[in-house]
Amino acid sequence: MDKERKLLIAGNWKMNKTVAEALDLVRGLKRELANVKEIDLVVCPPYTALSDVSREILDSNIRLGAQNMSENNVGAFTGEIAGVMLKEFSVRYVILGHSERRQYQKESDELVSEKARAAHSMSIKPIVCVGETLEQRESGITEEIVGGQIKGSLAGLTAEQMDETVIAYEPVWAIGTGKTATAEQAQEMHAFIRKTIAGMFDDQIAKRVRIQYGGSVKPANARELMSQPDIDGALVGGASLEVRNFSDIVKNSI
Ligand code: PGA
Numbered sequence: 026m027d028k029e030r031k032l033l034i035a036g037n038w039k040m041n042k043t044v045a046e047a048l049d050l051v052r053g054l055k056r057e058l059a060n061v062k063e064i065d066l067v068v069c070p071p072y073t074a075l076s077d078v079s080r081e082i083l084d085s086n087i088r089l090g091a092q093n094m095s096e097n098n099v100g101a102f103t104g105e106i107a108g109v110m111l112k113e114f115s116v117r118y119v120i121l122g123h124s125e126r127r128q129y130q131k132e133s134d135e136l137v138s139e140k141a142r143a144a145h146s147m148s149i150k151p152i153v154c155v156g157e158t159l160e161q162r163e164s165g166i167t168e169e170i171v172g173g174q175i176k177g178s179l180a181g182l183t184a185e186q187m188d189e190t191v192i193a194y195e196p197v198w199a200i201g202t203g204k205t206a207t208a209e210q211a212q213e214m215h216a217f218i219r220k221t222i223a224g225m226f227d228d229q230i231a232k233r234v235r236i237q238y239g240g241s242v243k244p245a246n247a248r249e250l251m252s253q254p255d256i257d258g259a260l261v262g263g264a265s266l267e268v269r270n271f272s273d274i275v276k277n278s279i
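In the working numbering, the protein residues as written are 26 to 279.
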């Protein structure tokens, strides 16, 4: 596929996989995807598997991501994980503001922007997630919601930091539901997000930023989604938990 920006496909394993299962999965992915150079590949295991997966992918084309991190660097924050700790395992990316965290942990745009700045201070690239609920879409306020999330979650980033930031557009109604946004619906929102970023920063930065689509991406719909001009990759949940599904998504996107 001839794309303006290099595609970035990331697997968000969520709260799945023991260490043994994680190693099984990543060994399979290494085997299946060893020759892929056209697409940047990332896996985001749970914290408990980062160390082992990190060692396993050391000299492969797969990079490591985490699913969250603290906005603080050190101290009395029980249960939290700091960027410096992720760095120990060569974590390059961190998913921030996923809709599940916005919903269950009540993460706000302001908190996501603090976390994004903390990630950049450790040279970890944030994958900042945004997306509307079904109710919001049906009330016709999708752009207002997503535009607000983009402005709030990227607030305070410098141009250099924005250049090292990835966005994931994930309509909440498409996550884990089997309902994918149509390629046209997704493209429309990706173009809107790029325009919003151009307004906050400038056209050049907006042209370079990679915007992933997430929400029930599977081998069967990957090609059509990835062929949209403003879709620069995928954040894959359910289908990233099996070697066959994830590697077929990647292969169908080349
Ligand atoms: P899904 O999840 O692919 O299972 O819909 C996507 C995500 O939550 O990142």
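Glycine included, each C-beta is placed from N, C-alpha and C at the ideal position.
| Check | Outcome |
| --- | --- |
| Could you tell me if the beta carbon of N86 falls within a distance shorter than 7 Å of some heavy atom in ligand 1? | no |
| If you follow the beta strand (DSSP E) that V234 is part of, which residue opens it and which one closes it? | Note, V234: premise wrong, no beta strand (DSSP E); not H, not E. |
| If I'm right that V275 touches I82 with Cβ under 8 Å, what's the distance once you round it to whole angstroms? | Wrong, their Cβ atoms sit about 15 Å apart, outside the cutoff. |
| Going along the chain, which residues put their C-beta within less than 6 Å of some heavy atom in ligand 1? | N37, E195, I200, G201, G239, G240, S241, V242, L260, V261, G262, G263, A264 |
| Taking only runs of the beta strand (DSSP E) that begin and end inside the segment 48-95, which ones reach a length of at least 3 residues, in chain order? | 64-69, 87-91 |
| Identify whether N37 lies in helix, strand or coil by the three-state DSSP scheme. | strand |
| With a Cβ-Cβ cutoff of 8 Å, do G90 and V119 count as a contact? | yes |
| Tell me where the beta strand (DSSP E) around L121 begins and ends. | 116-121 |
| Could you name the residues of the same chain whose beta carbon sits closer than 6 Å to that of C154, not counting the 5 residues immediately before and after it, in chain order? | G122, H123, A193, E195 |
| Going by C-alpha distance, which of I279, A259, S278, R269 is nearest C69? | A259 |
| Beta carbon of M110, beta carbon of S252: below 8 Å? | no |
| Anyone know if the C-beta pair for M225 and K176 falls short of 8 Å? | yes |
| Under 8 Å by Cβ, that's how I've got G36 and S265 pegged, so tell me the actual separation to the nearest angstrom. | 3 Å |
| At 4 residues or longer, what runs of the alpha helix (DSSP H) sit wholly inside the segment 174-213? | 184-188 |
| Among the candidates I87, E46, S95, whose CA atom is the shortest distance from the CA of A74? | E46 |
| What three-state label does DSSP hand G165 in the structure shown? | coil |
| With DSSP collapsed to three states, give me the class of G263. | helix |
| How long is the line joining the alpha carbons of E209 and I256, rounded to whole angstroms? | 11 Å |
| Quick one, which of R117, A245, K112 has its alpha-carbon nearest T207's? | A245 |
| Give a yes or no on whether the C-beta atoms belonging to E63 and I200 are separated by under 8 Å. | no |
| Please determine if the segment 144-152 and the segment 95-110 are in contact, where contact requires at least 3 C-beta pairs separated by less than 8 Å. | yes |
| Going by other Cβ atoms of all chains shown within 10 Å of its Cβ, with 16 needed for buried, is N60 buried or exposed? | exposed |
| Applying the criterion that 16 or more other CB atoms from any shown protein chain within 10 Å of the CB defines a buried residue, is F102 buried or exposed? | exposed |
| Given M40, which residues of its chain have a CB within under 8 Å of its CB, disregarding the five upstream and five downstream residues? | P71 |
| Please check the pair D77 and V44, which I expect to be a contact at CB under 8 Å, by giving their CB distance rounded to whole angstroms. | 5 Å |
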